[in-house]
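One structure is given below, encoded as structure tokens.
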Amino acid sequence: MNIPRPVTLLCAALPLLGCVSVAHAAKPGPAAAAPVFEQWRETEHRGSDDLLTAGLGLDGLRAAAAPAFASPAQPTAVEARRRAIWSSWRGIADLTPGGGFGDVYGNLQAAPGREFSAYARVPGARQPHRVLVQIPDSFDPARRCLVAAASSGSRGIYGAISVAGSWGLAHGCAVAYTDKGTGSDYYDLDASSGFQADGTPATQGALAFAPTDGKAAHGIAFKHAHSGDNPEADWGRHLLQALQFGLQALDRAYPQSAPFTPANTRTLGAGVSNGGGAVLRAAEIEGDWFDAMVAGEPNVSVAGAPPLYDFVTQSALLMPCALLALDELPQPPMQAQAAPGWTQRCAILKSAG
Numbered sequence: 416m417n418i419p420r421p422v423t424l425l426c427a428a429l430p431l432l433g434c435v436s437v438a439h440a441a442k443p444g445p446a447a448a449a450p451v452f453e454q455w456r457e458t459e460h461r462g463s464d465d466l467l468t469a470g471l472g473l474d475g476l477r478a479a480a481a482p483a484f485a486s487p488a489q490p491t492a493v494e495a496r497r498r499a500i501w502s503s504w505r506g507i508a509d510l511t512p513g514g515g516f517g518d519v520y521g522n523l524q525a526a527p528g529r530e531f532s533a534y535a536r537v538p539g540a541r542q543p544h545r546v547l548v549q550i551p552d553s554f555d556p557a558r559r560c561l562v563a564a565a566s567s568g569s570r571g572i573y574g575a576i577s578v579a580g581s582w583g584l585a586h587g588c589a590v591a592y593t594d595k596g597t598g599s600d601y602y603d604l605d606a607s608s609g610f611q612a613d614g615t616p617a618t619q620g621a622l623a624f625a626p627t628d629g630k631a632a633h634g635i636a637f638k639h640a641h642s643g644d645n646p647e648a649d650w651g652r653h654l655l656q657a658l659q660f661g662l663q664a665l666d667r668a669y670p671q672s673a674p675f676t677p678a679n680t681r682t683l684g685a686g687v688s689n690g691g692g693a694v695l696r697a698a699e700i701e702g703d704w705f706d707a708m709v710a711g712e713p714n715v716s717v718a719g720a721p722p723l724y725d726f727v728t729q730s731a732l733l734m735p736c737a738l739l740a741l742d743e744l745p746q747p748p749m750q751a752q753a754a755p756g757w758t759q760r761c762a763i764l765k766s767a768g
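Using my numbering, read the sequence shown as starting at 416 and increasing by one per residue.
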């Protein structure tokens, strides 16, 4: 199978997206050294535990209370996964009655299948990022397709499940995810405890994030803030590695149909917000990796603009002053109690020039 490679950036909303279509001649997939993936895991999800909602369905995802842990201090891998999927859905999709998802648009039909997960690392990174691929039982090697998605914001590995998983699994595609070096993995510096590949807590072994500096400190270290890396600079490569992991996982799942490559597999990239920014960065990488890209409200940095980290820190510094000057707009809770502190902050900033 040799699929022509028209690389298309699809428009989900014209005011939010830049769109381009570039035609490429049919040719074999790109030649590049495949990354090494560590801590491979394969799990099956059928019956009461599917790929898309972990068996929760629409009613379970709508529940205000998170899925319970039998032992809160030691959740099982199944429990941790179910709660992660519950949280990821509620963080992005409007699941409220009348919101439309699952009724007017979107898909929540149970998707039985297999998951493969691992750690990946971009060259020069101190910490790994998570990659995971969901392969539905409806996947047809004769109509092979793979969607690679990056989490929005600083969400964990299932952060794009409502963006890409809902569509991809319903169409019989495998869906590969990356937390793009941000994610929700944290490390308890006082307990010397982090999280394993299966999402369960541990004090040793191959942890998803274990800071190499500051271990004499106290509190909680988060991967996005304390990894010592600059993940934003590599978001495109994170997404590309998720795609490569997806292809390798398909090789394992269907060895009789291997190899799976960009030349014989329909490949799509998808993401919103920071995930959309990762999609655009991946589209810039040389090689015919993707057939089409979907970037919704992508976070982009134009030439001369401050990078995301600087923008966020400057906003946090100046936001109290802005709120004092915009009192006609909606205010945060307990505005009256916070206003004196805002005033003091602005006075200090003014005195500092």
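Just so you know, even glycine gets a beta-carbon here, dropped at the ideal spot from N, CA and C.
C-alpha gap between residue i and residue j, whole angstroms
i	j	result
ALA767	TRP757	15 Å
LEU741	ALA565	35 Å
SER642	ARG536	12 Å
LEU622	LEU466	24 Å
GLN528	CYS736	Correcting the residue type first, residue 528 is Gly in the shown sequence and not Gln. When rounded, the distance between both Cα atoms is 51 Å.
LEU764	SER569	29 Å
ASP706	ALA579	15 Å
GLY661	LEU584	14 Å
LEU733	ARG760	9 Å
ALA428	ALA698	Because ALA428 carries a pLDDT of 41, less than 50, the predicted location of this residue cannot be relied on, and no value is offered for it.
ASN689	ALA479	26 Å
PRO616	GLY598	15 Å
ARG541	GLY513	45 Å
TYR520	ASP600	31 Å
ALA612	ALA751	45 Å
ASP628	PHE554	44 Å
PRO722	SER463	44 Å
CB-CB length for residue i against residue j, believed under 8 Å
i	j	result
ILE635	ASP603	6 Å
VAL727	ALA710	In fact, because the Cβ distance is near 20 Å, the residues do not count as touching under 8 Å.
ASN714	GLY684	Contact flag wrong, Cβ pair sits at about 15 Å.
PHE531	ALA657	No, PHE531 and ALA657 are not in contact; Cβ-Cβ is about 11 Å, not under 8 Å.
Residue interval of the alpha helix (DSSP H) (run including residue i)
i	result
ASP574	First, the amino acid is wrong: residue 574 is Gly here, not Asp. Neither: GLY574 is in no alpha helix (DSSP H) and is coded neither H nor E.
GLN850	A query on residue 850 cannot be resolved here, the shown segment of the chain reaching from 416 to 768 and no further.
TYR724	723-740
GLY413	No statement about residue 413 is possible, as the shown extent of the chain runs from 416 to 768 and does not include it.
ARG635	Checking the sequence shown, residue 635 turns out to be Ile, not Arg. Not the alpha helix (DSSP H): ILE635 falls in the beta strand (DSSP E), residues 635-637.
ALA697	689-698
LEU476	472-477
LEU466	Segment: none, LEU466 is in no alpha helix (DSSP H) and carries neither H nor E.
ALA606	From DSSP, ALA606 is part of no alpha helix (DSSP H); its letter is neither H nor E.
Among the options, nearest to residue i - alpha-carbon criterion
i	options	result
SER502	PRO538, PHE531, ASP644 and PRO482	PRO482
ARG558	ASN679, PRO755 and GLY684	ASN679
CYS588	GLY596, ILE550 and ASP594	ILE550
LYS595	GLY686, PHE610 and THR618	GLY686
LEU473	ARG505, ALA632, TYR534 and PHE484	ARG505
SER581	GLU743, LEU523 and ASP552	LEU523
Run of the beta strand (DSSP E) containing residue i, from where it starts to where it stops
i	result
ARG541	Counting along the chain, ARG541 falls outside any beta strand (DSSP E), and DSSP gives it neither H nor E.
ARG496	Taken as a continuous stretch (DSSP letters only), ARG496 belongs to no beta strand (DSSP E), being part of the alpha helix (DSSP H) at 492-507.
GLY528	528-535
LEU561	560-565
GLY376	Given a span of 416 to 768 for the chain in the structure shown, any question on residue 376 remains unanswerable.
Worksheet entry | the region 712-725 / the region 661-678 touching (three or more Cβ pairs under 8 Å) | no
Practice prompt. Could you say if the region 486-506 and the region 552-564 meet the contact criterion of at least three C-beta pairs nearer than 8 Å?
Written response: Between the region 486-506 and the region 552-564 there are fewer than three inter-stretch CB-CB distances shorter than 8 Å, so the stretches are not counted as touching.
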